[in-house]
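Using my numbering, read the sequence shown as starting at 311 and increasing by one per residue.
Think of the CB as a built atom: it goes at the ideal place given N, C-alpha and C, for glycine as much as any other residue.
See structure below.
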Amino acid sequence: MDDSDYSSLGPVYQVFSGAVHTRFEHSLGVGYMVQTMMEHFKQIQQSELLIDDIDKQNVVIAGLCNDLGQGIYSHFFDRLLIPTLDPKLKWDYKDASIMMLDSLIDKNNIDLDDKDLKQIKELIRGQYDSSKSCINPSKAWLFDLQRYNMFKQVYCHKVCQAVSLMFLDALVNVNPHYQFIQNLTNPDAYFNFTDPIIKYIASNKSKPEFQISQQILQRISKRDLYKFVGEKLMDTQDYMKISDKINIQDLINCQDPSDGNFLKQDDVSLYQFGINYGYGIQNPVDLVQFYERSTTINEGTGILSETYQNNRLSLMPNQFSESYIRLFVKQEKNLKTAQDAFKKYFEKHIGI
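Rendered as structure tokens:
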């Protein structure tokens, strides 16, 4: 399964020309990093962690195969395209990674112990459930190792998001042809949901149903991008209180008809996203146990949680998650109208 031509950073390369490392390179890097960490832990903490060669093998395979299920432009596919096509669908690209791993094993007659395969799949999912897991509770820390190394930063540059929204419109337009949602569980069809599909859509002049998408992709190549209108930055807990109240049509209705433009819903795109330190609204450092130097791990005492709380650096942030609401307009002529409507909407309807 060759993914050497697939971007690990999605549309980011359209803005940062050096952001071109592939999913193949990324997967090799993750596999190497977790292998190095496992060898290090085995060398210095074997007596406490009880690491064996099978643990090391399975963690490395999970690291290598974690991104097998990423679709077109990596996380663009699962974080933007699929939720747009079906907002109610509970689907994770890791489900697709496991599906593609099963397909890879079956088609290549790979001999892998059933228990090891189950452990690898658990590690790919990254969620430990002691009541169902085949992994010993004493080794639940293996899941934290995977999450740490597989976590990907949310790329929130405004121009990156403008490009992402344009790719989104292009792919939504050809969804009747490709039926992305219907084929999420079809490994043979899913195999083709990769970056080269963009070039195929752009260059295939024989399909009239691709015409609108081709126009959008041509705008990207000419840097005629959607324009950033404005944003609201909020604490995530505050955002959750108003997220279900945000209505794009109400925002459109806040435009000033006297300026000569008339915005429609299709003229704008709303982009909502959050950034955190890897554990939602929690401070990840609070999940770390600190020990006195004079206390061994085996004794299980000397945890410095209270001392840590009392001596937290004043520079440490008080919030560990934030949410953004951004608006983009598809034609520059509508920018001023959209800016006024955006500002008025949040003052009138949301109160911020």
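Give me the Cβ distance between residue i and residue j, rounded to the nearest whole Å; I'm assuming they're in contact under 8 Å.
i	j	result
Thr-495	Leu-573	Contact flag wrong, Cβ pair sits at about 39 Å.
Ser-429	Ile-415	As written in the sequence, residue 429 is Gln, which differs from the Ser given in the question. Contact flag wrong, Cβ pair sits at about 14 Å.
Cys-564	Tyr-634	The pair is not a contact, with the Cβ atoms about 20 Å apart (cut-off 8 Å).
Phe-503	Phe-386	About 11 Å separates the two Cβ atoms, so there is no contact after all.
Val-344	Val-369	5 Å
Asp-505	Tyr-383	6 Å
Leu-543	Glu-657	Contact flag wrong, Cβ pair sits at about 16 Å.
Val-473	Gln-355	Contact doesn't hold; Cβ gap of about 45 Å is too wide.
Leu-390	Phe-490	Wrong, their Cβ atoms sit about 12 Å apart, outside the cutoff.
Ser-448	Leu-360	7 Å
Phe-583	Cys-466	6 Å
Tyr-669	Ala-406	Residue 669 is absent from the model: the chain starts at 311 and stops at 662.
According to DSSP, is residue i part of a helix, a strand, or is it coil?
i	result
Arg-533	coil
Gly-339	helix
Lys-643	helix
Gly-490	The amino acid at residue 490 is misidentified as Gly; the sequence shows Phe. Coil.
Ser-440	coil
Asn-446	coil
Asn-586	strand
His-361	A small fix is needed here, since residue 361 is Ile in this sequence, not His. Ile-361: coil per DSSP, three-state reduction.
Asp-545	strand
Val-595	helix
Gly-320	helix
Phe-453	helix
Ser-579	strand
Val-469	helix
Gly-540	strand
Ser-553	helix
Ser-327	coil
Val-369	helix
Leu-374	helix
Leu-561	helix
Phe-652	helix
Phe-638	strand
Ile-660	helix
Report the residue from the options whose alpha carbon sits nearest the alpha carbon of residue i.
i	options	result
Gln-705	Ser-407, Phe-652, Met-409 and Phe-490	Outside the displayed span of the chain (311 to 662) sits residue 705, for which this structure offers no information.
Ser-523	Met-476, Asp-426 and Cys-564	Met-476
Ser-319	Gly-381, Glu-657, Met-343 and Asp-365	Per the sequence shown, residue 319 should be read as Leu rather than Ser. It is Gly-381 whose Cα lies nearest to the Cα of Leu-319.
Gln-528	Lys-542, Lys-517, Phe-538 and Ile-511	Ile-511
Met-347	Gly-540, Asn-485 and Lys-366	Lys-366
Ile-552	Ala-329, Leu-338 and Gly-661	Gly-661
Asn-483	Val-578, Phe-520 and Asp-396	Phe-520
Gln-663	Lys-352, Ala-450, Trp-401 and Ile-585	The first residue shown for the chain is 311 and the last is 662, placing residue 663 beyond what the model contains.
Asp-426	Leu-452, Asn-419 and Ile-364	Ile-364
Ile-558	Tyr-488, Leu-637 and Trp-451	Leu-637
Val-578	Ser-317, Val-595 and Phe-538	Phe-538
Ile-591	Lys-555, Lys-442, Gln-629 and Gly-570	Gln-629
Tyr-322	Leu-338, Lys-515 and Ile-530	One point to set straight first is that residue 322 is Val, not Tyr, in the sequence displayed. Val-322 has its Cα closest to that of Ile-530, out of Leu-338, Lys-515 and Ile-530.
Gln-649	Asp-569, Pro-594 and Gly-588	Asp-569
Glu-642	Tyr-536, Pro-627, Lys-555 and Asn-593	Tyr-536
Phe-351	Ile-556, Trp-451, Lys-509 and Val-639	Trp-451
Leu-561	His-659, Phe-453 and Ala-329	His-659
Tyr-316	Asn-418, Phe-334, Asp-362 and Met-550	Phe-334
Ala-480	Gln-525, Leu-338, Lys-517 and Asp-421	Gln-525
Lys-534	Val-639, Asn-593 and Asp-554	The sequence given here has Asp at residue 534, not Lys. Of the listed residues, the one whose Cα sits closest to Asp-534 is Val-639.
Pro-397	Asp-423, Ile-420, Asp-554 and Phe-501	Asp-554
Quick one: residues in its chain with C-beta nearer than 6 Å to the C-beta of residue i, no 5 flanking neighbours on either side, listed in chain order?
i	result
Gln-471	Tyr-581
Ser-413	Pro-497
Gln-437	none
His-331	Ser-318
Lys-468	Phe-538
Asn-571	Asn-644 and Thr-647
Phe-461	A caution first: Phe-461 carries a pLDDT of 35, below 50, which makes its placement in the model unreliable, though a value can still be read off. Same-chain partners within the cutoff: Gly-588.
Tyr-403	Gly-379, Gln-380 and Asp-388
His-336	Ser-318
Enumerate in chain order the residues of its own chain whose CB-to-CB distance from residue i is below 7 Å, with the five nearest sequence positions on each side excluded.
i	result
Leu-411	Cys-375 and Leu-378
Ala-372	Ile-430, Leu-433, Ile-434 and Gln-456
Glu-541	Tyr-634, Ile-635 and Arg-636
Leu-671	Since the first and last residues shown for the chain are 311 and 662, residue 671 lies out of range.
Asp-545	Gln-629 and Glu-632
Asn-514	Phe-520
When the cut-off is 8 Å and only beta carbons count, does residue i lie next to chain D?
i	result
Asp-505	Protein chains in the displayed structure number just one, and chain D is not present.
Skipping 5 residues on each side, what residues in its chain have a beta carbon closer than 8 Å to that of residue i?
i	result
Asp-394	Inspection of the sequence shows that residue 394 is occupied by Thr rather than by Asp. Cβ within range, chain order: Leu-478 and Val-482.
Glu-349	Lys-366
Tyr-486	Strictly speaking, residue 486 in this sequence is Pro, with Tyr absent from that position. These residues qualify, in order along the chain: Glu-519.
Met-409	Gly-379, Thr-495, Pro-497 and Tyr-500
Leu-338	Leu-374
Practice prompt. With a floor of 4 residues, list each alpha helix (DSSP H) that falls wholly inside the segment 380-432, ordered by position along the chain.
Written response: For the segment 380-432, whole alpha helix (DSSP H) runs of length 4 or above, ordered along the chain, are 392-395 and 403-417.
Worksheet item: Enumerated in chain order, which unbroken segments of the beta strand (DSSP E) with a length of 3 residues or greater are wholly contained in the segment 475-530?
Response: Counting whole runs of 3 or more residues, the segment 475-530 contains no beta strand (DSSP E) stretch at all.
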